[in-house]
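Remarks on the structure that follows.
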Amino acid sequence: MNIFDAHSDLLFKLWKNPKLDEYHDPSLQTPLKALLNGKAKVQCLAIFLPDSVPANMRLEMALVQIQLFQEKIAKYDRIKRITKKTDIDSLKSDETGIILTMEGCEPISKNLRLFDVFFQLGVRSFGLTWNWANTFADGAFEKRNAGLTSWGKKLIKIANKNRAWTDVSHLSENSFWDAMAAAKYPIASHSNAYSLCPHPRNLNDDQIKALIDKDGVIGLTFVPEFVKHGGTPRIKDILSHIDHVCSLGGERHIGFGSDFDGIDRVIPDLASHKDYENLIEALERSFTSRQVSRFLMGNFVSRIPF
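Numbering (our numbering), first residue to last: 298 to 603.
And the structure:
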């Protein structure tokens with residue numbers, strides 16, 4: 298079955314160490330060899346900058362990550378940049394599509410014209426902030442739990458106009474609710490169910506229901522701390538998150554956002570993209586073929602607005 302993965306930090310890893318072999322470096326969790334020789338049909342690659350990057354360097358560093366995509370990834374004939382849904386429909390059986398996403402809009406800051414620049418460069422999903430506060434919103438780890446700023450609301454308005462996804466995964470709860478009120482095309486690229494694992498990066502039942510009601514998708518993630526509170530999580534624990542979201546009416550709103558290359562700890566038997574096969578085997582034991590196909594790809598693809 299084909300796989301749509303809504304979140305990987307491959308570009309960030311290549312930015313940190315440009316000497317890495319993007320095709321088969323053993324330190325990578327989403328090497329291109331695994332994508333092209335496995336079942337990856339669409340992989341979202343995030344543009345992410347750590348807090349250590351000075352404000353006056355963030356735009357440049359984001360553009361460098363896009364340049365790295367061009368230089369090290371787009372050069373492969375079987376890699377295709379996805380900027381509209383019909384690009385996915387046109388993929389050949391041996392091709393993998395890449396969607397560029399933004400994990401934190403710090404590079405845009407208050408120059409909202411830069412949204413158009415990043416959109417023209419292929420970015421199709423915009424997460425307003427990472428875990429902390431910025432120009433647009435409070436993140437999930439920000440204790441004050443404030444909502445969107447006026448700049449955040451303006452940014453979402455532009456995203457709506459361009460039919461781009463607004464990614465709510467890293468928002469504080471109040472920012473989440475403001476974003477849900479404003480966004481026409483919300484997704485959570487990599488979050489799990491708070492009811493099963495009480496971590497601030499996960500979504501509570503009301504949040505998941507709101508995402509469902511707005512026809513969004515939640516990309517269940519493989520970050521161990523988001524899967525199980527204490528102990529070692531297993532693939533069966535991811536299936537528990539699927540069951541829970543289904544119990545909320547979300548069968549048609551479940552996908553996956555691994556966070557590969559953004560995590561150091563991994564779930565046993567799910568340590569890299571090639572291990573998706575183990576997840577698929579577990580899914581096929583618990584769900585119908587149609588359900589599995591939707592979870593792996595169909596639910597995300599059917600909600601692409603661009």
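Yeah, the Cβ is synthetic: ideal placement off N, Cα and C, and Gly gets one too.
- For Lys336, the closest C-alpha among the options Arg582, Pro602, Phe603, Ser569 is that of Ser569.
- Out of Leu468, Glu578, Thr393, Asp464, the CA that lies nearest to the CA of Asp435 is found in Leu468.
- In the same chain as Ile379, and ignoring 5 residues on each side of it, the C-beta atoms closer than 7 Å to its own belong to Val339, Ile385, Gly394, Ile395, Ile396, in chain order.
- Within its own chain, the residues whose Cβ lies closer than 8 Å to the Cβ of Ile551, once the five positions on either side in sequence are excluded, are Val514, Ile515, Leu517, Ile539, Val542, Cys543, Arg591, Phe592, Asn596, listed in chain order.
- Between the alpha carbons of Lys571 and Ala331 lies a gap of roughly 6 Å.
- Taking every protein chain shown into account, the CB of Glu400 has 16 or more other CB atoms within 10 angstroms, so this residue is buried.
- Counting along the chain, Trp427 sits inside no alpha helix (DSSP H), nor does DSSP assign it H or E at all.
- In the three-state DSSP reduction, Lys481 falls in the coil class, being neither helix nor strand.
- Collapsing the DSSP output to three states places Asp413 in a helix.
- Excluding its 5 nearest sequence neighbours in each direction, Val589 has C-beta neighbours in its own chain below 8 Å: Met298, Ile577, Leu580, Glu581, listed in chain order.
- The beta carbons of Phe519 and Leu567 sit closer together than 8 Å.
- As a beta-bridge residue in DSSP terms, Ser305 pairs with Leu342, Phe557.
- Residue state for Val589 is assigned as helix, using DSSP reduced to three classes.
- Between the segment 351 to 360 and the segment 398 to 415, the count of C-beta pairs closer than 8 Å reaches three or more; the two stretches touch.
- Assignment of beta strand (DSSP E) within the segment 491 to 555, counting only whole runs of 3 or more residues, yields 515 to 517, 551 to 553 in chain order.
- Around the Cβ of Ala352, a 10 Å sphere holds fewer than 16 other Cβ atoms; the residue is exposed.
- A straight line joining the alpha-carbon of Gln504 with that of Asn575 spans about 29 Å.
- Just so you know, the alpha carbons of Lys525 and Pro602 end up roughly 32 Å apart.
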